[in-house]
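Below is one structure, written out as C-alpha cells, with a few remarks after it.
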Amino acid sequence: MASGLLLSASLLAISCAKYQSTSIDPGVIAPLKQVEEITLQNSMPFAMGAAVNVSLMKSNANYRDLVTKEFNSITAENAMKFASLHPAKDTYTWSDADYLVNYAIASGKRVHGHTLNWYKSLPDWVNNFQGTTAEWENLLKTHIQTVVGHFKGKVVSWDVVNEAIADDGTIRNSIWVQKLGTDYIGRAFQYAHEADPDALLFYNDYGHEFGPTKRTAILNLVNSLKSKGILIDGIGLQMHTRVTQTDANLATAISTAAATGLKVHISEIDIALNPDRAQSFTYTSTLADQQAAKYKAIVKAYNAIPKAQQFGITQWNVTDADSWIPSNYSCPDWPLPFDGQYQRKPAYQAILDGVK
Ligand code: G3I
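Residue 1 is where the sequence shown starts when you use this note's numbering, and the numbers rise one by one after that.
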C-alpha cells in the first residue's frame with residue numbers, strides 16, 4: 001500500500017515535469033538572469049577607484065584580487081609622480097607605471113594619472129636644478145609632454161597640477177612659483193593638452209571642506225583658468241578627511257566644486273578616525289559606524305550633483321593595512337572601507353546606501 005502510494009506520487013511528479021517541459025514555448029523562456037555580485041564597481045552609478053601601490057599589486061594576491069573585484073578606476077599612488085618616472089634629467093623609468101596601465105587595460109579599468117606637477121616627490125636633480133627661467137620652463141614642459149605622450153590613449157585623465165594653493169588661500173610658494181611665477185599653472189594645463197588633446201585635465205587639491213578660505217582660493221584659481229580660455233575639465237577634491245568633519249562642510253565642498261560646471265572627482269578619499277594622531281587609540285564599532293555615516297553623507301552629496309559632472313570617487317589606498325596615514329603620521333588609524341583582512345567594514349555598505 002505504502003509503496004503503491006509512493007509510485008503514484010512519483011508518476012504524478014514525472015507527468016507534471018513532462019507537462020511543464022512540453023507546454024512552454026522555449027522561445028518565450030526568459031534567459032536566466034545572471035545574478036551580479038555586489039561590488040563597488042557593479043553597484044555604484046559612477047566610477048569607483050582606488051590609489052594602488054605597485055609592489056603590493058605584484059606581491060600580494062589578496063590585495064590585487066580586491067582591486068580587481070571592487071574597482072573600475074585606478075590611480076597610481078606613487079608610480080606616476082615626477083621622482084618615480086623621471087629620476088634623472090635624461091632618464092625616464094616607466095616600468096612600474098606601465099605595469100599598472102597594462103593591468104588596467106587587461107582588466108577593463110580606467111586609469112587616472114597622478115600627478116604631472118607637484119611641489120613634493122620631486123627628484124634631487126629638479127630640486128637642485130640651476131637654470132634660467134627658459135630652462136625651467138623647458139624642464140616643466142618636457143616632463144609633462146613626455147609623460148602625457150607616453151601614456152596617450154591609455155591614461156584618460158590627469159591631475160595636471162596638485163596642491164598649488166596653500167591652506168591660507170595664497171598660491172603656495174613652491175619651487176615652480178619661485179622659478180616660473182604663478183602663471184606656470186595655466187601653462188602646465190596647456191602643455192598637457194597639447195600632448196594629448198583627448199585627456200581630461202584636472203586641478204587636484206585638499207581642504208575644500210576645511211572652510212571658505214582655501215575652498216574659495218581653489219575655486220577662484222580654476223575659474224580664472226577657465227576665463228583665460230585654458231582647457232580644464234575637472235576639479236579633484238582629495239577629501240583626506242576625518243570622522244569629526246561636519247556633513248555640511250563636506251556637502252559644501254562638493255556642491256561648490258560642481259557649481260564651476262567642471263567634472264568633480266573625489267580623488268583621494270579616506271576618513272581618519274584618529275585625527276589627533278594619538279599613539280594609543282582603539283578601533284571600536286561605534287567609530288566604525290560613525291565613519292560609515294560620514295562616507296554615506298559624502299556619497300549622498302556627490303550623487304546629488306549632475307551626472308555628467310560625476311567623474312567618480314577614488315579612495316586613497318585599498319585597505320586599512322596599506323593606508324598611507326598610519327605610516328605617515330606614526331599613529332594607528334582605520335580610514336578605509338576595507339579592513340586589514342580585506343573584509344568590508346560598515347563604511348562599505350554605507351557607500352552603497354549613499355546612492356539609494
Ligand atoms: O620608495 C622609497 C623607499 O625606497 C624608501 O626606502 C622609503 C624610505 O622612507 O621611502 C620610499 O618612498 C616613499 C614613498 O611614499 C613610497 O612608499 C616616500 O618616502 C614617501 O614620501 C612616499 O609617500 C607618498 C606621499 O604621497 C609623497 O609622495 C605616499 O605613499 C602617498 O600615499 C602620498 O599620496 C599623496 C598624494 O600623492 C597627494 N595627496 C596627498 C596624498 C597623501 O599624502
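No residue lacks a Cβ here, since even glycine has one placed at the ideal position from N, Cα and C.
To the nearest angstrom, how far is the alpha carbon of residue i from that of residue j?
{"i": "Ala-9", "j": "Asp-353", "result": "At Ala-9 the pLDDT is 40, less than 50, meaning the model places this residue with poor confidence; the figure from the coordinates comes in the next sentence. Each residue's Cα considered, the two are about 48 Å apart."}
{"i": "Leu-85", "j": "Tyr-92", "result": "5 Å"}
{"i": "Leu-56", "j": "Leu-287", "result": "28 Å"}
{"i": "Ala-292", "j": "Met-239", "result": "15 Å"}
{"i": "Leu-140", "j": "Ala-104", "result": "27 Å"}
{"i": "Lys-109", "j": "Ala-304", "result": "24 Å"}
{"i": "Ala-117", "j": "Val-177", "result": "The displayed chain sequence assigns Asn, not Ala, to residue 117. Those two C-alpha atoms are separated by around 12 Å."}
{"i": "Trp-324", "j": "Asn-317", "result": "7 Å"}
{"i": "Thr-282", "j": "Ser-330", "result": "15 Å"}
{"i": "Asp-333", "j": "Tyr-206", "result": "19 Å"}
{"i": "Ser-267", "j": "Gly-49", "result": "8 Å"}
{"i": "Asn-328", "j": "Asp-124", "result": "21 Å"}
{"i": "His-150", "j": "Gln-190", "result": "17 Å"}
Quick check: residue i and residue j, are their CB atoms within less than 8 Å of each other?
{"i": "Asn-204", "j": "Asp-168", "result": "no"}
{"i": "Ser-43", "j": "Phe-82", "result": "no"}
{"i": "Thr-256", "j": "Arg-215", "result": "yes"}
Is it right to say residue i is buried, meaning 16 or more other beta carbons lie within 10 angstroms of its own, or is it exposed?
{"i": "Gly-186", "result": "buried"}
{"i": "Thr-75", "result": "buried"}
{"i": "Asn-162", "result": "buried"}
{"i": "Pro-337", "result": "buried"}
{"i": "Gln-34", "result": "exposed"}
{"i": "Tyr-348", "result": "buried"}
{"i": "Ser-23", "result": "Only weak support exists for where Ser-23 lies, its pLDDT of 47 falling under 50; the value from the coordinates is given anyway. With fewer than 16 other Cβ atoms within 10 Å, it is exposed."}
{"i": "Asp-96", "result": "buried"}
{"i": "Gln-341", "result": "exposed"}
{"i": "Gln-245", "result": "buried"}
{"i": "Gly-131", "result": "exposed"}
{"i": "Asp-38", "result": "Looking at the sequence shown, residue 38 is not Asp but Ile. Exposed: under 16 other Cβ atoms inside 10 Å."}
On the DSSP letters alone, give me the boundaries of the alpha helix (DSSP H) that residue i sits inside.
{"i": "Arg-215", "result": "212-227"}
{"i": "Phe-82", "result": "82-85"}
Which residues mark the beginning and the end of the beta strand (DSSP E) in which residue i is found?
{"i": "Arg-110", "result": "110-117"}
{"i": "Lys-263", "result": "263-272"}
{"i": "Thr-75", "result": "73-76"}
{"i": "Val-54", "result": "Element bounds for Val-54: not the beta strand (DSSP E) but the alpha helix (DSSP H), 54-59."}
{"i": "Thr-241", "result": "240-242"}
{"i": "Val-101", "result": "Careful: Val-101 lies outside any beta strand (DSSP E), inside the alpha helix (DSSP H) at 95-106."}
{"i": "Gly-236", "result": "234-237"}
Should residue i be flagged as near chain C, meaning a C-beta pair shorter than 8 Å?
{"i": "Ala-217", "result": "Any reference to chain C falls outside this structure, which holds one protein chain only."}
Is there at least one non-hydrogen atom of ligand 2 closer than 7 Å to the beta-carbon of residue i?
{"i": "Glu-77", "result": "Looking at this structure, you won't find ligand 2 anywhere; what it does contain is ligand 1."}
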